[in-house]
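In what follows, a structure is listed as structure tokens, so that the remarks can point back to it.
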Amino acid sequence: MSVEFDFGGELALVTGVGGALGSAVANAFLEAGTTVCGSDIIEPNTEDFLLSDPDSVDFYQADFSDEEAVAETVDAVVDEHGRLDYLLNIAGTWRGGTPIHETDVDTFDFLFDVNLKTMFLASKHAVPHLRETKGAIVSVSARSSLEGGDGDGIYRASKAGVRLLTETIAAENLGAVRANAVMPSVIDTPMNREMMPDSDFETWVDPKDIADVMLFLCSDAATVTSGAAVPVYGEV
């Protein structure tokens, strides 16, 4: 059974648009007829920028851990397009490999900045505009945020924060803005394959499949769903 969505006339802002998941999300919304604005700290002409057709999105280079940059970007999107319907908080990363007593504070700051602060700032500045369109936010938490674990506790904590802020935004904007999160396990990306070359890639989740779930959560098919943390880690 195939499913199609029509987001024609609406606008989505995707953070981390140059990454593997961000580019998959941008493409999914583009295929549904959405006007897509994308933001990333890296430029489209760099090797790490994975969106195959950067010209398909209206791109804004910005560091979303910097509040001034976030405010300017969100304002520019709304000024230039007249609306904001969906915010997809994709910006994020993973670091791990050391126990807490051996983890540098710089790693803590980095992970909370990239994974949680970007989501907080983007949501903070987008919510007033999303209330006008009764829009939606979908953010990226993680399966591992549901419990502690060995070696990547700071990452898990930052992603747990995404989940809790999602629930808070949903509660504060009942009837106005829906906010949900997805919880991937290991996403099948070039970076993850490079970091874990001996893993069974067949058990990892395709970014396109996660993008489809995010598309659904923004659609009219999910109007009764807000404050949820949705598993997107397959059957493993």
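Throughout the sequence shown, residue numbering follows the numbering used here, covering 4 to 239 in sequence. Built from N, CA and C at the ideal position, the CB exists for glycine as well.
In this structure, does DSSP put residue i in helix, strand or coil?
| i | result |
| --- | --- |
| residue 234 | strand |
| residue 156 | helix |
| residue 145 | coil |
| residue 55 | coil |
| residue 41 | strand |
State the start and end residues of the unbroken alpha helix (DSSP H) segment that holds residue i.
| i | result |
| --- | --- |
| residue 219 | 210 to 221 |
| residue 92 | No alpha helix (DSSP H) holds residue 92; the beta strand (DSSP E) holding it covers 89 to 92. |
| residue 28 | 23 to 34 |
So the beta strand (DSSP E) residue i belongs to, where does it begin and stop?
| i | result |
| --- | --- |
| residue 14 | 14 to 18 |
Would you kindly work out how many angstroms separate the C-alpha atoms of residue i and residue j, rounded to a whole number?
| i | j | result |
| --- | --- | --- |
| residue 32 | residue 55 | 14 Å |
| residue 145 | residue 26 | 18 Å |
| residue 174 | residue 104 | 36 Å |
| residue 9 | residue 86 | 17 Å |
| residue 47 | residue 29 | 14 Å |
| residue 172 | residue 214 | 21 Å |
| residue 89 | residue 141 | 8 Å |
| residue 77 | residue 63 | 10 Å |
| residue 134 | residue 179 | 5 Å |
| residue 43 | residue 13 | 21 Å |
| residue 195 | residue 69 | 27 Å |
| residue 216 | residue 235 | 8 Å |
| residue 211 | residue 101 | 31 Å |
| residue 185 | residue 49 | 28 Å |
| residue 91 | residue 201 | 31 Å |
| residue 156 | residue 204 | 23 Å |
| residue 230 | residue 71 | 27 Å |
| residue 218 | residue 67 | 22 Å |
| residue 152 | residue 19 | 26 Å |
| residue 122 | residue 34 | 24 Å |
Tell me, to the nearest whole angstrom, how far the beta carbon of residue i is from that of residue j; I am working on the premise that it is less than 8 Å.
| i | j | result |
| --- | --- | --- |
| residue 181 | residue 139 | 4 Å |
| residue 60 | residue 132 | Rounded, the Cβ-Cβ distance is 18 Å, inconsistent with contact. |
| residue 96 | residue 117 | 5 Å |
Item to check | Continuous beta strand (DSSP E) assignments of at least 3 residues falling wholly in the region 166 to 212 | outcome: 181 to 186
Item to check | Segments assigned alpha helix (DSSP H), at least 4 residues, entirely inside the region 65 to 89 | outcome: 70 to 84
Checklist entry - Where in the region 105 to 147 do unbroken runs of the alpha helix (DSSP H), each at least 4 residues long, occur, reported from the N-terminal end onward? => result 108 to 114, 121 to 136
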